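In the working numbering, the protein residues as written are 411 to 1101.
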């Protein structure tokens, strides 16, 4: 995308960069559950059963609906599966479930045409509906390219006409990893290529006067996904379109990783008011996806009532009699490409080209016991009287006014409130945390590192103009705003506008006690209830923090993160912080698994296989391993994985190095050993003991 176009579009992919405002889209009829317009953000998921297993698919669909799904998607890889959708629909209706069904189509226009006569919505992938993917680079002339579009139109138009006749909606679902050779040859592996892939099909629909469309831009990389949706909205608006958006991070994985990765992508867009339906893709049972999606979405119900920065959020500004933060969006910032904000290096430890740092609060811990540092990633051995660092070792611990009675490891920095820091006899590796006023008035500052707590509105205050700037200064950016991400993002825009290169640690506080009434499940009485309660709080933290902090990190804002959640163990906070940095590709601390959520096309048990692969490769820090159930989610969908494990037939697996198949159709019994041998041959293997 050229520079002039970027400057023209900046800040226009959503209604507002400073307050929550949902982008209003066209209402689309999908059975009895319309999407878009002023309707709630809808929840959906996809079955994992064989579509020819009618009873199994019906029963799984019922579990999904009972868990909160408002649409159920079912794969239709061939005509026979598409035809069986009628029986599945009949059985669901007989059991009193009128949930709209969505047929998922790849490669097979004839199956799509059958399904469109049966279900309420069909999903087509423009990358493989009429195109083939052979990873060929083709140089098209404009005339040849137009000829290809005409060919696609002839294949696609019959489906559109059927959808019009039967009142069937359609999702045009672009996937980053399955862009056609034609799109890749002209636009490359880019968000712009993703957008154009969908826009070609959308323009064809409008030529045929068909507007019952939903659009998606999925990727396993949240950064790419966010950029693509933003660019899609801009492109749609420029062409007079406003179709509903289906949000999802594809192949997000399972457990904590899957939840955090999904929240970084989906939550970032929801925060800017984009999105009309959500599918959280987890390598777990499909009924486990809906509660996560619901938790993500319900956070915006308050904001949808019109509460915003101006109306409620900026208590700091109100207390100091300041106006809410105002800024001009710098031409140096583009929301469609990643660029880390330039800062100086403070004490050669934070800022500049350093990876983002992690801070946790241990001020309420037992500071007489060195073992408490294990939650921060430092394992103390009394026998050897030394610390061993884990892969996820934090960089700062905040101790407030509490003093430890043991010696800290030399590479772990301690943070104290300014007045307590002043009284320390030994300030080695100890640094002060100031209020803004304390820092301005202080005569005794650290020569190496000074952290100053600041609210976004402070940047427009007289106090801010009195700050003594030098390269020891680091801001700790806090917010009390309801729409806190936008509040903090505005601060970064303001820093850019002022030309200030001060490193910033982004801090967010989460107090979940007041939210207990929102928790699903039983109240806390018995131990089992307590376990459920803590699990729910952990999920909340993962989703909320990944949204609030991840949304800034994907745009290159933030030199460190500080999550404060008093109700949860420090170990959970540490793991969540590093998970967010991993999901945003800001700091790699573990192996990344790009695993699809399974569907009726899957050729092996994805959950069992993923855990098996994880058990033997989780120590390979920095490697990305794709685990795909079938060729649809094969070399393309793995996107930027280093290695791939792909189902290619019954009990058969094909192994990939990048997008190159290096061992085809090998027995699944030997596949993991063969994968490990490939990693070893490439020199990327280390033994677990060494790791």
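Heads up, the beta-carbon is just placed ideally off N, CA and C, and yes, glycines get one too. Every value quoted in this text rests on a predicted model; they were computed, and no experiment measured them.
Excluding the 5 residues flanking it on each side, residue 1084 has same chain C-beta neighbours closer than 8 Å at 1065, 1073, 1076, in chain order. Judged by their CB atoms, residue 496 and residue 528 are nearer to each other than the 7 Å cut-off. Rounded to the nearest whole angstrom, the CA to CA distance from residue 1029 to residue 1005 is 17 Å.
Spatial neighbours of residue 519 in its own chain (CB-CB distance under 8 Å, excluding positions within 5 residues in sequence) are listed in chain order as 539, 540, 565, 566, 568, 569. Of 500, 477, 682, the smallest CA-CA separation from residue 434 is found for 682. By the 16-neighbour rule on beta-carbons within 10 angstroms, residue 656 is buried.
In this structure, residue 766 places its C-beta atom within 7 Å of the C-beta atom of residue 991.
Remark: C-beta atoms of residue 777 and residue 812 approach each other more closely than 7 Å.
When DSSP states are grouped into helix, strand and coil, residue 579 belongs to the strand group. Look at the beta carbons and you see the region 975 to 984 not touching the region 900 to 915: under three pairs across the two are nearer than 8 Å. In this structure residue 687 touches residue 451 by the C-beta definition: roughly 6 Å separates them, less than 8 Å. For residue 1031, the closest alpha carbon among the candidates 1096, 586, 1081 is that of 1096. The alpha-carbon of residue 443 is positioned some 31 Å away from that of residue 602. Contact check for residue 851 and residue 865: beta-carbon distance about 18 Å, past the 8 Å limit, so the pair fails to qualify. Judged by DSSP in its simplified three-state form, residue 454 adopts strand. Under the three-state reduction of DSSP output, residue 995 falls in the coil class, being neither helix nor strand. Here the alpha carbon of residue 501 sits roughly 25 Å from the alpha carbon of residue 694. Residue 585 and residue 898 have their alpha carbons spaced roughly 31 Å apart. Looking from the CA of residue 507, the closest CA among 870, 676, 907, 498 belongs to 498. Closest in C-alpha terms to residue 671, from the list 1009, 955, 1054, comes 955. By the Cβ-count criterion, residue 648 is exposed, with fewer than 16 other Cβ atoms from all chains shown falling within 10 Å of its own Cβ. Going by beta carbons, residue 582 and residue 611 fall inside the 7 Å limit. It is roughly 47 Å from the alpha-carbon of residue 786 to the alpha-carbon of residue 609.
For residue 831, the enclosing alpha helix (DSSP H) stretches over residues 828 to 832. Assignment of beta-bridge partners to residue 896 by DSSP yields no partner. The C-beta separation of residue 843 from residue 808 comes to about 7 Å, placing the pair in contact by the 8 Å criterion. A straight-line Cα-Cα distance of about 14 Å links residue 783 and residue 825. Under the DSSP definition of a beta bridge, residue 844 partners with 862. Residue pairing from DSSP places residue 656 in a beta bridge opposite 626, 687.
Runs of the beta strand (DSSP E) lying entirely within the region 415 to 502 and spanning at least 3 residues, in chain order: 452 to 456, 481 to 485. With respect to the 7 Å criterion, residue 802 and residue 988 are classified as neighbours on the basis of their beta carbons.
Here DSSP, grouped into helix, strand and coil, assigns residue 836 to coil. Where residue 1090 is concerned, the enclosing alpha helix (DSSP H) starts and stops at 1078 to 1091.
One thing to note: residue 969 has its Cβ within 7 Å of the Cβ of residue 760. Nearest in C-alpha terms to residue 747, of all of 469, 791, 755, 634, is 634.
In the structure shown, residue 611 falls within a helical segment according to DSSP collapsed to helix, strand and coil.
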